[in-house]
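A.B. asks: Using mature numbering (1 follows the signal peptide of the UniProt record, and there is no 0), the letters of the sequence shown map in sequence onto residues -26 to -1, 1 to 584.
Once you've had a glance at the structure underneath, I'll fire off some questions.
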Amino acid sequence: MARDSNLVTFFLFVASILFLVTPINGNSPLFAGDGSDEVFGQALCRRDVNRSACGDCVRIASQEIMNKCNEKDADIWYEYCQISYSYSNFFSAMNYQGQYPDSNNQKQDVSNPEELSSALNKLMDGLISEAPWASSMFAVGSSNFPSQGHVYGLVQCTREISGGDCNTCLVSAWGDLRTCCSPHQGGTVVSRYCNVRFELYRFYNQHSEGLGKEKIILLVICILAGTLLASLGICVARQRRKRRMTRDEERDENELLQELPTPIELSISRGDLEYSDDMFVMDLVTLRAATANFSLTNKLGQGGFGIVYKGILPDGNEIAVKRLSMKSWQGVEEFKNEITLIAKLKHKNLVRLLGWGIDGHEKLLIYEYMANKSLDVFLSDPMKRSQLDWGARYSIINGIARGLLYLHEDSVPKIIHRDLKPSNVLLDIDMVAKISDFGMARIFSEKQNVANTRRVVGTFGYMAPEYAMEGQFSAKSDVFSFGVILLEIISGKKNSGFHLTKRASSLLKYAWILWNEGRELEFVDPFLLKSFPPADVRRTIQMGLLCVQEDPADRPLMTDVVVLLESGPAILLQPKQPAFSVGRDIPLDSLSMPESSCTNDITASTMSPR
């Protein structure tokens, strides 16, 4: 038998059935296959949720993980449950790798972080000393936080690990949580083996009926046997085809990479800059000094691969330093991608990579400093958003369009960004928009128009439907992302987590409804009501809707977008129905599960379900 996604499907199907018909005591390890060809999986529910919520959560997570994380090794987390699967036996040894949901970045800072830190230390020390030795490996509690009442915490381990491993995992997770989130009003760190979370409100259930004792009933045994036999019959042919596709994909990319200039040999000299081809290499000591030892007060933002800090060099020049995560293989891949693909790109609407630094496991990328941070900061903060008049917003839209046009048409080779979103659009001191974060970018040959991948990367809410569901990407995928951002800039609202009325479960749907009813000016951000030219706004909304049409063939190229944005009045095509929801077809509202993510390069800027 060969390894195949059918085994994964088999495991996930079994997991959903188990949690629907069987009282599972918190978590359930499963495996499928025979001998060396096995898939190992685990479904874990939060101990304080009831049986019904657990079953619903696992059922939905089982469906979602196949849509989002169709890989040999994946995890997905919701507020009430998580599912993991792998072709390697991760039950055999605990290997902690913490993950940070992007929702951590949306938490506001508290006014008195030292007081919160003291309360958190007391709370987490107590919970971590309790959970590993409890039969449930779960503990919740609160601690007095005088200025705001209480701080609430939850820790949980999967019961496949020992008490000692649970303690080790929780201590590591708490260390990560303290580093990233202790000044915030809440935070979460998740992993396959343990989870740690705190909030300033009680987010857990104090009383729960529990999940009962595990019993495998005859129905489940029959399902297991029947599904496994069916899987065995078709897996060999499929796996051969997938391996062939993977080899072709890897070979194509390697051939394209060979066409690029090889980066200069890296060398480290303590405290000195070594210039070559307008880039420099800097050592860790200098970067630590520039960022005040990567102080949280210098933190500019955090992405899927690491944290970005503001730094000041000895000569007074300001820089932005991305410190790639040492926990994730993704950081290594992004590091190579940034240097190999982006070092030679020069355009006023692309953030410039100035240099890098390597010291052991530390990998750092150095960029020009953007004084106004990201577009996401302005869209998320009403006070900042009120500063953006129509002229500023139109200039930002045009800047993003010009940056994409350069990547798609003028750079050699062509580049598809694949993760365009507001947090990856930075704004300089003059509010000039610059596209950043090319770790997920892919190169195209001169004659190549479309590519397929088995590893879908990007951010839900901004991913084109053909890419999110089929792994097919092209310049039109970036056009879709651009269209979403354009509509967000005009409306002042975020597509992810958009809930306005029952008629409009997404920002794209809301824009489409208003457009068809001739009420498109109601889509405009109220902060713009006194300053925008109606005709220009209508044209721009129409352009956004053209960019987010479901069929890629119907979307314009960035060449057309830039011409239309800069040429003034023109006759535009009537947009067709957009893709209202990408990767969110399953109704999750009833489960109150605002967080989900998975580990195969997908990031989730906001975890709100639709």
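Glycine is no exception: its CB is placed at the ideal position from the N, C-alpha and C atoms.
No experiment lies behind these values; they were computed from the predicted model shown.
1) Going straight from the alpha carbon of L394 to that of I515, what length do you get?
2) Closest to I409 by C-alpha separation, out of N398, D402, I417, would be which residue?
3) Would you tell me roughly how many angstroms separate the C-alpha atoms of V145 and V259, rounded to the nearest one?
4) Relative to the C-alpha of A263, which residue among G280, I340, Q276, L287 is closest?
5) Could you give the DSSP three-state label for Y54: helix, strand or coil?
6) So, is E38 buried or exposed, given that buried needs 16 or more other C-beta atoms within 10 angstroms?
7) Among all the DSSP beta bridges, which residues are the ones paired with T162?
8) Pick out the complete beta strand (DSSP E) segments inside the region 49 to 127, 3 residues or longer, and give them in chain order.
9) Where do the ends of the beta strand (DSSP E) carrying E524 lie?
10) With respect to the beta strand (DSSP E) encompassing K408, which residues constitute its N-terminal and C-terminal limits?
11) Return the bridge partner residues of V129 from the DSSP annotation.
12) Exposed or buried, which one is E462 when buried takes at least 16 other CB atoms within 10 Å?
13) Which term fits R176, buried or exposed, when burial requires 16 or more other beta carbons within 10 angstroms of its beta carbon?
14) If we count the other Cβ atoms within 10 Å of its Cβ and call it buried at 16 or more, is R416 buried or exposed?
15) Buried or exposed: where does S541 fall if 16 or more other Cβ atoms within 10 Å of its Cβ makes it buried?
16) Rounded to whole angstroms, how far is the Cβ of P75 from the Cβ of V164, which I believe are closer than 8 Å?
17) Suppose you measure from the CA of V453 to the CA of Y380; what does that come to, to the nearest Å?
18) Helix, strand or coil for I316? Go by DSSP, reduced to three states.
19) Mind checking whether the beta-carbon of R20 lies closer than 7 Å to any heavy atom of the ligand NAP?
20) Please return the same chain residues whose Cβ sits closer than 7 Å to the Cβ of residue 585, not counting the five positions on each side in sequence.
21) Leaving aside the five residues before and after G329 along the sequence, list all residues of the same chain whose C-beta is less than 7 Å from its C-beta, in chain order.
22) Specify, as a first and last residue, the run of the alpha helix (DSSP H) that G441 falls within.
23) Can you tell me which of the three DSSP states residue 585 falls into?
24) Looking at the secondary structure, which residues open and close the alpha helix (DSSP H) in which G365 lies?
25) Under DSSP, the alpha helix (DSSP H) around R152 begins and ends at which residues?
26) Below 8 Å between beta carbons: does that hold for S465 and L482?
27) Give the secondary structure of S397 by DSSP, where H, G and I count as helix, E and B as strand, and everything else as coil.
28) What is the DSSP secondary structure of P552, counted as helix, strand or coil?
29) Go ahead and label N323 buried or exposed: buried means 16 or more other beta carbons lie within 10 angstroms of its beta carbon, across all protein chains shown.
30) Which residues in the same chain have their Cβ closer than 7 Å to the Cβ of G160, if we skip the five residues on either side of it in sequence?
31) For a test of the three-state rule: what should DSSP assign to N484, helix, strand or coil?
32) Should F268 and W364 be called a contact, given that it needs their Cβ atoms to be closer than 8 Å?
33) When DSSP labels each residue in this structure, what does residue 626 get in the three-state scheme?
C.D. replies: Judging by the given coordinates:
1) 19 Å
2) N398
3) 28 Å
4) L287
5) coil
6) buried
7) R171
8) 55 to 60, 112 to 119
9) First-last for E524: undefined, no H or E at that position.
10) 407 to 409
11) A113, V170
12) buried
13) exposed
14) buried
15) exposed
16) 7 Å
17) 13 Å
18) helix
19) Among the components modelled here there is no ligand, and therefore nothing to report on the ligand NAP.
20) A query on residue 585 cannot be resolved here, the shown segment of the chain reaching from -26 to 584 and no further.
21) M253, F254, V255, M256, I340
22) Note that residue 441 is Tyr in the sequence shown, not Gly. Counting along the chain, the alpha helix (DSSP H) containing Y441 begins and ends at 439 to 444.
23) Since the first residue of the chain shown is -26 and the last is 584, residue 585 is not available in this structure.
24) 364 to 379
25) 137 to 155
26) no
27) helix
28) strand
29) buried
30) K81, F172, E173, L174
31) Before going on, a small fix: residue 484 reads as Tyr here, not Asn. In this structure, Y484 counts as helix in the three-state DSSP scheme.
32) no
33) As displayed, the chain neither begins before -26 nor continues past 584, which places residue 626 out of reach and without an answer.
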